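Chains as they are written, first to last, in our numbering: chain A, 144 to 367; chain B, 3 to 115.
Heads up, the beta-carbon is just placed ideally off N, CA and C, and yes, glycines get one too.
Here the structure is a predicted model, which means the values were calculated and not measured.
Comments concern the structure below.
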Amino acid sequence: MEEVKVIEIKKSIFEDNEKDADALRADLKRRGVYLLNLMSSPGSGKTTTLIQVINRIKDKIRVAVMEADIDSDVDAVKIKEATGIPSIQLHTGGMCHLDAEMTRQGLDNVDLADVDLVILENVGNLVCPAEFDTGSCRNAMILSVPEGHDKPLKYPLMFSICDVVVINKMDVLPYFDFDLEKCKEYIHMRNPKAQVIPICAKTGEGVDAFATWLLQEVNNWKNQ
Amino acid sequence: MHELGIVFYIIRDVKKAALENAVEHVYGVVMNIGEVSTIVPEYLQDCWRWAADKEEILKGCQLKCNIIPAATYCEDCQSEFSTVEHGKICPHCGSEHTYLLRGNEVEIKEIEV
């Protein structure tokens, strides 16, 4: 066998992505476009929540949606039909998350001169999306009542990087052993600054609070 | 569940390093994996074998994982303790003002060429 030589690298595999993400954020800031990275488990009601929120803010600001999934375009079609705003589908090619480069490629298909807010609906997954900075201005996640109030304990990283945790499906609370106060306590153990917003996307209850937060965020991003 | 994605990142960086150093074949990749990095080394190995063998320059290349024990530092009593054993609460003074010193690494240490 030939002689083996060792080349020292000593580099985190996330380093390149973090640089890409910072560059994307700076670019979005220059263009005055706010990017929200929305994450959750599969089936927590991301798409239904988005439709409710978008219908409350689309007369005030210009919104576009990027749907990331491993396959299919059902979510993008559903959003477009229910809200009338531009919605594009990204396929991750089997990957369980989006990184900053994939996000940038997706944004190339959005007319950024014509939008104030882009919502990125990340792949439904509580592990991988938390590890890869997409270049978004803020991270939000949706946790639904049937998933249980112990999720912040099981997926600490996801909860520690989210600025807002929306708790969906509050209407089914009587049927589950979900303790909202405990859930808040666990979320704040991971991230003391996280805002918790309980909603019911099906009836629209509580969605105003999420919409107000989002409008405020976009406004601050553009004016500060 | 995310190990395959991590493997693609490792392959990308290793290929880049190989190119920069004009290397013909990579025989081994040594990783530093933190104990609380959420990576399961056995899954990483499985994904690695599958994905690395698809790359000419990495055919048969071995992946070695050094596990870095996780340590947390307490700001209040300035002590260091095992993260896996005690979590975020300092076992010496009960403080919550702690931060992770090491154990979150997912780092390519070196390549053998």
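Contact residues of the region 232-246 of chain A toward chain B are Met238, Cys239, His240 (C-beta to C-beta distance below 7 Å).
Buried is the label assigned to Ser39 of chain B, since at least 16 other Cβ atoms lie within 10 Å of its Cβ. Under the three-state reduction of DSSP, Gln232 of chain A is assigned to strand. Between Val108 of chain B and Ile8 of chain B, the C-beta spacing is below 8 Å. Within 7 Å of the CB of Phe157 of chain A, the CB atoms of chain B belong to Val108, in sequence order along the chain.
Taking CB atoms only, Ile150 of chain A has a neighbour in chain B less than 8 Å away.
Contact residues of the region 13-31 of chain B toward chain A are Asp15, Ala19, Asn23, Tyr29 (C-beta to C-beta distance below 7 Å). When secondary structure is reduced to three states using DSSP, Glu87 of chain B falls in the helix class. Counting only unbroken stretches of 3 or more residues, the beta strand (DSSP E) elements lying wholly within the region 53-106 of chain B are 64-70, 73-76, 82-84, 100-104, in sequence order. Closest in C-alpha terms to Arg247 of chain A, from the list A:Cys326, A:Val288, A:Leu178, A:Glu158, comes A:Leu178. Using a 10 angstroms sphere on the CB of Glu290 of chain A, the tally of other CB atoms reaches 16 or more, which defines it as buried. Looking only at B:Ile41, B:Val86, B:Lys56, B:Lys66, the smallest Cα-Cα distance to Thr74 of chain B is reached by B:Val86. Sequence-ordered contacts of the region 79-94 of chain B with chain A are nonexistent [C-beta pairs closer than 7 Å]. Residue-level contact check: Ile70 of chain B does not touch chain A, since none of the beta carbons of chain A fall below 8 Å from its beta carbon. Ile69 of chain B has its alpha-carbon roughly 26 Å from the corresponding atom of Glu98 of chain B.
Closest by C-alpha distance to Val206 of chain A, out of A:Leu250, A:Thr192, A:Ile228, is A:Ile228. With 16 or more other Cβ atoms from the protein chains shown falling within 10 Å of its own Cβ, Lys312 of chain A counts as buried. Counting only residues of its own chain and dropping the five nearest sequence neighbours on each side, Lys221 of chain A has a CB closer than 7 Å to the CB of Thr190. Asp212 of chain A: member of the beta strand (DSSP E) spanning 206-212, first to last residue. Proximity of Val115 of chain B to chain A, defined by a Cβ-Cβ separation below 8 Å, is satisfied. In the structure shown, the three-state DSSP call for Asn180 of chain A is strand.
Residue range 149-155 is occupied by the beta strand (DSSP E) that includes Lys153 of chain A. For Lys111 of chain B, the nearest beta carbon of chain A is closer than 8 Å to its own beta carbon.
Check the Cα spacing between Arg104 of chain B and each of B:Tyr45, B:Ser84, B:Lys111, B:His27: the tightest is with B:Ser84. Any Cβ of chain A closer than 8 Å to the Cβ of Gly7 of chain B would place that residue at the interface, and such an atom is present.
Per DSSP, Met313 of chain A is not a residue of any alpha helix (DSSP H), being assigned neither H nor E.
Selection A:Cys280, A:Leu255, A:Val253, A:Ala166 evaluated against Trp364 of chain A yields A:Cys280 as nearest (Cα-Cα). For Lys154 of chain A, the neighbours in chain B by C-beta distance under 8 Å run, in chain order, Asp15, Glu109, Ile110. Between Cys305 of chain A and Asn282 of chain A, the CB-CB gap stays under 8 Å. In this structure, Ser183 of chain A sits near Ile285 of chain A, with a CB-CB distance shorter than 8 Å. Closer than 8 Å to the CB of His99 of chain B there is not a single CB belonging to chain A. The DSSP-derived three-state label of Ile41 of chain B is coil. In the displayed model, Cys280 of chain A falls within coil according to three-state DSSP, outside both helix and strand.
Secondary-structure assignment with DSSP links Met301 of chain A through no beta bridge to anything.
Setting aside the 5 residues that flank it on each side, Val115 of chain B is surrounded in the same chain by Val25, Val28, each with a C-beta closer than 6 Å to its C-beta; the list follows chain order. In this structure, the beta-carbon distance from Leu255 of chain A to Thr277 of chain A does not fall below 8 Å.
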